[in-house]
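Residue numbers (the working numbering): 136 to 770.
We put the CB at the ideal spot given by N, CA and C, even for glycine.
Before any comments, here is the structure.
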Ligand code: PRX
């Protein structure tokens with residue numbers, strides 16, 4: 136179902152409100168099912184046994200591949216842009232993609248992968264990753280993509296949590312001028328992962344040297360490329376887990392969110408088609424990595440379910456020069472470009488000279504995702520990339536939501552700088568006040584509070600892998616009967632939502648979620664550090680940067696402080712990955728804590744941002760004098 140104009144948008148919003156089952160059924164009916172549902176949905180936010188389309192059976196790849204082969208087998212499904220721009224873009228048609236997915240699916244079966252098994256993928260942004268995701272789904276296996284920038288420890292933690300038995304990786308990955316030894320990281324990780332039986336290795340850089348373990352390691356070229364190009368889809372229940380994706384929360388280790396097949400499928404295509412409004416020959420480029428939810432829903436599933444052409448980019452925005460994005464948009468004739476504010480700010484900082492002589496006239500729609508977009512970056516994107524012609528859809532959503540929740544619909548509902556604007560039809564966001572009550576917003580009024588969603592939608596993650604209790608505690612305890620997003624938001628007089636950022640202990644660094652607890656855990660393992668508090672504070676390019684306050688074992692000189700910062704950053708790279716990097720580290724004698732022992736991160740954030748006014752009432756702290764000491768040291 137694709138909404139065509141503003142009138143229809145309002146109609147659909149009302150339909151979804153008054154007849155939700157009928158609304159979602161119209162969307163579901165556009166897909167191919169092996170067996171129909173006996174109910175549209177069941178469960179609610181109190182019982183947390185949410186099901187969509189129960190009783191139905193399907194295979195998502197039948198809807199991505201076989202369905203489109205009937206109408207456009209030769210249409211380009213995937214354009215692969217390699218790290219090095221002198222490698223010509225590789226174009227893969229729907230027919231070819233089908234054949235390659237079937238080969239990989241058959242190879243997985245030959246390795247012993249069965250329906251319900253979990254396959255972990257640890258690769259760079261190469262077509263083989265894209266194909267592996269679909270191959271797992273083809274045979275009813277659940278895939279778990281781990282971002283190729285994560286460390287051996289992070290990879291091992293995710294594999295051990297899911298007890299995955301199969302791993303697909305590449306020998307190396309290429310990013311900018313770096314060659315990253317993925318297989319060596321895998322070998323390190325697998326020392327601690329007894330569950331893994333087989334490793335399939337795609338060779339991205341065959342000149343490089345890797346170790347092989349006989350009986351465990353197999354090459355893609357010897358298995359996949361020799362397999363049959365036909366593999367009948369394995370049908371699964373609507374609620375069969377399609378994938379697990381790990382993300383950070385405010386406490387504990389990363390949680391594996393479980394997304395199920397039918398609801399995710401319906402939601403990915405519904406949101407893709409309506410937010411981006413693509414025409415048949417348009418080309419969609421989402422720059423996200425498949426290691427994140429954006430890469431799942433809008434590099435892979437959304438565009439392919441809708442039968443469109445999607446671009447997959449291996450490299451980084453600044454290699455070989457900061458003109459890379461703009462050159463590729465012109466070279467391919469990209470019509471829809473979807474990226475993160477952090478990339479926009481980084482390119483803005485390089486100046487407009489990189490945009491000189493770029494036509495950018497193929498562009499129709501621009502998108503933003505992952506963090507709040509500041510007004511300056513919005514204006515720059517609008518003026519220099521969109522040439523003031525293209526609407527910007529600022530899409531708010533999360534790993535947990537499966538797809539876009541609040542966004543303008545391109546050329547249908549208005550875009551407003553820094554506002555995600557309106558919820559999609561079928562989504563019911565509300566704000567909660569300080570007493571935990573829903574704020575009854577009325578037209579003409581403004582409101583601010585914690586953002587919750589009122590009713591289940593098909594794309595919501597159903598659980599945290601292996602820990603349904605944690606799912607319930609994390610998302611449904613603060614406001615019983617509501618899904619709590621962890622974000623704060625404002626509503627303007629017309630009902631437009633503006634997301635103000637996380638209100639929990641999650642920091643958004645360059646659009647990547649990092650839990651302060653995870654970072655503190657690593658810091659506390661440094662031999663000099665007894666206790667630490669980590670906060671996120673405003674950063675000109677990254678949106679937020681990480682800053683640490685640490686209590687040392689013994690007194691430390693300013694020189695040592697810098698040395699500890701470097702050591703801590705090395706430790707973080709090793710334990711988490713290069714995305715977790717501390718900007719500043721301050722050695723302190725104590726931390727501001729409440730009488731119940733909770734660290735007042737709000738105060739620390741203000742100190743880092745040099746905003747010493749309005750620190751709130753500090754008199755009730757366990758150690759109120761520490762605040763002035765921290766300010767003096769900062770000054
Ligand atoms: O704080 C919000 C921010 O990113 C968080 C979700 O992160 P993640 O699960 O990694 O998914 C990122 C891609 C969907 C949210 O809780 N966020 C995401 N999009 C926006 C945003 N904040 C403001 N505006 C957005 N458009």
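Where residue 354 is concerned, the enclosing beta strand (DSSP E) starts and stops at 352-354.
DSSP, reduced to helix, strand and coil, places residue 679 within a strand of the structure shown. Per DSSP, reduced to three states, the secondary structure at residue 685 is strand. For residue 447, the uninterrupted beta strand (DSSP E) run begins and ends at 444-448, by DSSP.
For residue 477, the enclosing alpha helix (DSSP H) has its first and last residue at 476-484. Counting along the chain, the unbroken alpha helix (DSSP H) around residue 399 starts and ends at 396-411.
At the C-beta level, residue 722 and residue 392 stay beyond 8 Å of one another.
The alpha-carbon of residue 609 is positioned some 29 Å away from that of residue 704. Here residue 724 carries a coil assignment [DSSP, helix/strand/coil]. Look at the beta carbons and you see the stretch 192-203 touching the stretch 263-275: at least three pairs across the two are nearer than 8 Å. The set of residues whose C-beta lies within less than 7 Å of a heavy atom of the ligand PRX reads, in chain order, 382, 427, 428, 429, 503, 504, 505, 506, 507, 508, 529, 530, 531, 532, 533, 534, 535, 555, 620, 621, 622, 634, 636, 637, 643, 646, 647, 648. Rounded to whole angstroms, the separation of the alpha carbons of residue 405 and residue 202 is 17 Å.
In the displayed model, residue 421 falls within a strand according to three-state DSSP. Beta-bridge pairing by DSSP links residue 583 to 625. For residue 651, the uninterrupted alpha helix (DSSP H) segment begins and ends at 651-658. In this structure, residue 491 keeps its C-beta atom at 8 Å or more from the C-beta atom of residue 216. Secondary structure within the stretch 527-587: the beta strand (DSSP E) runs of 3 or more consecutive residues, fully enclosed, are 527-530, 564-567 (chain order).
For residue 609, the enclosing alpha helix (DSSP H) covers residues 603-611.
Between residue 364 and residue 242, the C-beta gap is not smaller than 8 Å, which leaves the two residues out of contact. Residues 735, 755, 756, 757 of the same chain have their beta carbon placed closer than 8 Å to that of residue 729, with the five preceding and five following residues left out of the count. The DSSP-derived three-state label of residue 278 is strand. Comparing alpha carbon positions, the residue from 158, 155, 619 closest to residue 572 is 619.
In this model, residue 326 and residue 350 are separated by some 15 Å (Cα to Cα). Boundaries of the alpha helix (DSSP H) harbouring residue 265: 262-273, taken from the DSSP string.
Per DSSP, reduced to three states, the secondary structure at residue 494 is coil, with no helix or strand assignment. Contact annotation, residue 161 with residue 409: C-beta distance approximately 13 Å; criterion of less than 8 Å not satisfied. When beta bridges are read from the DSSP output, residue 193 appears opposite 371.
With a 10 Å radius around the Cβ and a threshold of 16 neighbouring Cβ atoms, residue 209 comes out exposed.
A distance below 6 Å between beta-carbons, with the five flanking residues on each side excluded, links residue 436 to the following residues of its chain, in chain order: 403. In the same chain as residue 370, and ignoring 5 residues on each side of it, the C-beta atoms closer than 7 Å to its own belong to 169, 192, 193, 194, in chain order. By the Cβ-count criterion, residue 296 is buried, with 16 or more other Cβ atoms from all chains shown falling within 10 Å of its own Cβ. Of all alpha-carbon atoms in 495, 708, 474, 710, the one lying nearest the alpha-carbon of residue 508 is that of 474. For the options 732, 429, 727, the alpha carbon positioned closest to that of residue 741 is the one of 727. By the criterion of a C-beta distance shorter than 8 Å, residue 177 is surrounded in its chain by 184, 185, 186, 189, once the five residues flanking it on both sides are discounted. Apart from sequence neighbours up to five positions away, the residues of its chain that approach residue 353 with a beta-carbon distance below 6 Å are 335, ordered along the chain.
Relative to the Cα of residue 517, the nearest Cα in the group 489, 483, 533 belongs to 483.
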